Structures are given as C-alpha cells and as structure tokens.
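One structure is given here, and the rest of the page talks about it.
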Amino acid sequence: MRKAIYPGSFDPVHNGHLDVIERASRLCDCVVVAVANNDQKNALFSVQERVEIVKEATGAMENVEVTSFDGLLVNFASSHGIQAVVRGLRAVSDFEYEFQMALMNRQLHSEIETLFLIPSQENIYLSSRMIKEIARLGGKFEDFVPEATARALARYATRA
Ligand code: PNS
629 MRKAIYPGSF DPVHNGHLDV IERASRLCDC VVVAVANNDQ KNALFSVQER
679 VEIVKEATGA MENVEVTSFD GLLVNFASSH GIQAVVRGLR AVSDFEYEFQ
729 MALMNRQLHS EIETLFLIPS QENIYLSSRM IKEIARLGGK FEDFVPEATA
779 RALARYATRA
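Residue numbers for the sequence shown follow my numbering, so the first one is 629 and each next one is one higher.
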C-alpha cells in the first residue's frame, strides 16, 4: 500500500492545500493530512479546529485521512507505515526551505522520500498568512478557501 503524509500548519487550510491533497490522493492509496501541533507558530486556530476544518473540506475524498501530530515528522511517518512526505511547491521562494527540510528529513530517516507537487495555476499564489490578513482587514477571502474555512474565518473576522 502506497501511503503518503501531507504535513503542515494548515492555519487555515486553503484551496492550494486542497489542490495538493487531491493530486496526492490520485497518486497514493492513502494520504494522511497531518496538522502539526507546532507551539512555536502563533496559530490563529487550535490544532483541533484545524483538524476539523480539514476533515470537512476533504470529506468527499475517500482515501484521505486527517490527524494531528507532535514531534518529528519522520518519526510519526515511520511509526504509521508511511513511505513518502508530500509538500506543495508554489514558487522558487518556497524551494530553499523545502529543499532543506527534505534533506534534513532524509538525513533523519533515509527510507522516507519527499514528493513535491505543484498546485494548478489558479491556486499557486495562495497562502494562509495572506488569507488571514485579508479576513482580518475585512476583505473578500471566500474564493480562496473551502466552505469550512470560510465559516471559521468569518467567525474570526467578526471577533477581530
Ligand atoms: O505548513 P508549514 O508550516 O510550512 O509546515 C511545516 C511542517 C509542519 C511540515 C514542519 O515544520 C514539520 O515537519 N514540523 C514537525 C517537526 C519536524 O519534524 N521538524 C524537522 C523538519 S526538518
């Protein structure tokens, strides 16, 4: 069984992430979308909220599972029988960080490969950070995110 993990902060998940999840789900038997419990990043949504939003947004994709994880990604992956890490690449600016992370993960666990997938053109410029900023400043964000994220962001925008 070809099992891949797509890790990330997903704070919150947007259409670019979903594009990558869909592509991965066509390539692999099972894709585990793993929301990082990353204390260093000041997340807008709790890990539980992020998991729930991704679950709703990926509900129609049968071979996609959603979970959260703590600690090293490669340890989580190997203990769950996962052979590949999927990451989305949007632009050259992503490359340095992604390249470093892929090589670091390979150094930590040589059996786990990193696969880079490129979202379609209409989703390539999306970023969670910018979408949160647009929501905070009262802009229109609905076209960039699935419905579950739009609802969560609307609650946040009225709170802010
Ligand atoms: O969406 P992001 O914030 O770019 O995702 C980064 C993430 C969560 C994939 C990365 O920070 C990660 O894998 N964190 C888990 C801890 C770990 O394994 N760190 C070593 C990476 S070389």
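Glycine is no exception: its CB is placed at the ideal position from the N, C-alpha and C atoms.
None of the values given here were measured: they were computed from a predicted structure.
Reduced DSSP category for residue i - H, G, I as helix; E, B as strand; rest coil
i    : result
A712 : strand
K631 : strand
G636 : strand
V641 : coil
F769 : coil
Distance between residue j and residue i (C-alpha atoms, nearest Å)
i    : j    : result
E684 : L655 : 21 Å
D657 : G766 : 40 Å
L672 : S707 : 29 Å
N643 : S738 : 31 Å
Q728 : A778 : 32 Å
L800 : Q735 : Because the chain spans 629 through 788 in this model, residue 800 falls outside it and cannot be assessed.
N665 : S696 : 7 Å
L701 : D639 : 18 Å
S755 : V660 : 21 Å
A652 : G716 : 10 Å
G636 : N703 : 15 Å
N733 : I740 : 8 Å
A605 : Q676 : Outside the displayed range of the chain (629 to 788) lies residue 605, so it cannot be described from this structure.
V713 : Q668 : 21 Å
V694 : I710 : 14 Å
V692 : T686 : 7 Å
R718 : P747 : 7 Å
Exposed unless 16 or more other CB atoms sit within 10 angstroms - verdict on residue i
i    : result
R783 : exposed
R678 : buried
D698 : exposed
A763 : buried
L646 : buried
Y634 : buried
F723 : exposed
R630 : exposed
A632 : buried
V720 : exposed
N670 : exposed
A688 : exposed
L781 : buried
K760 : buried
I'd like the ranges of any beta strand (DSSP E) spanning at least 3 consecutive residues and lying wholly in the stretch 652-699. Positions of the beta strand (DSSP E) runs, each at least 3 residues long and wholly inside the stretch 652-699, are given as 658-664, 692-697 in order along the chain.
As an exercise, report each continuous alpha helix (DSSP H) stretch of at least 4 residues that is fully enclosed by the stretch 716-757, in chain order. 720-736
Quick one, what's near the ligand PNS if you take every residue whose CB is closer than 5 Å to any heavy atom, in chain order? P635, G636, S637, A664, L700, L701, M729, M732
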